[in-house]
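Data block below; observations after.
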Amino acid sequence: MALGRLPEHEQHILDEIERSLRRDRRLNRLMRGRRARRGPDWKRVAGRITRCEPRGRTVALLVAVSAALMVTGVVTAAPWAIGCSSRCGR
Numbered sequence: 002m003a004l005g006r007l008p009e010h011e012q013h014i015l016d017e018i019e020r021s022l023r024r025d026r027r028l029n030r031l032m033r034g035r036r037a038r039r040g041p042d043w044k045r046v047a048g049r050i051t052r053c054e055p056r057g058r059t060v061a062l063l064v065a066v067s068a069a070l071m072v073t074g075v076v077t078a079a080p081w082a083i084g085c086s087s088r089c090g091r
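Under my numbering, the first residue of the sequence shown is numbered 2, with each subsequent residue one higher.
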């Protein structure tokens, strides 16, 4: 390994490589985008909520909860359930 300056033609090649890497937009985007994150990005969460783009799992969970509440309401509103609960409470 040489300790001094590179020969002129090698320095020229190295300069060309550096120049082409600086112009590479995809490489720049990759280098900027790989930041270590410690927690959720609250701006992104707020943006998702305002755009109303819920995830599939969230929608499925909310549908299941609402169906369970609806079934519970129908079952407890049945006349026999109301009569049983009023007699059992005495």
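Backbone N, C-alpha and C fix where the C-beta goes; we use that ideal spot for every residue, glycine too. Computed from a predicted structure; not experimentally measured.
query: Measure the beta-carbon distance from L15 to L28 and round it to whole angstroms, keeping in mind my assumption that it falls under 8 Å.; result: The pair is not a contact, with the Cβ atoms about 17 Å apart (cut-off 8 Å).
query: I need the straight-line Cα distance from G34 to A69, nearest angstrom please.; result: 42 Å
query: Ordered along the chain, which non-local residues of its own chain (more than five positions away) have a Cβ less than 8 Å from that of L22?; result: L28
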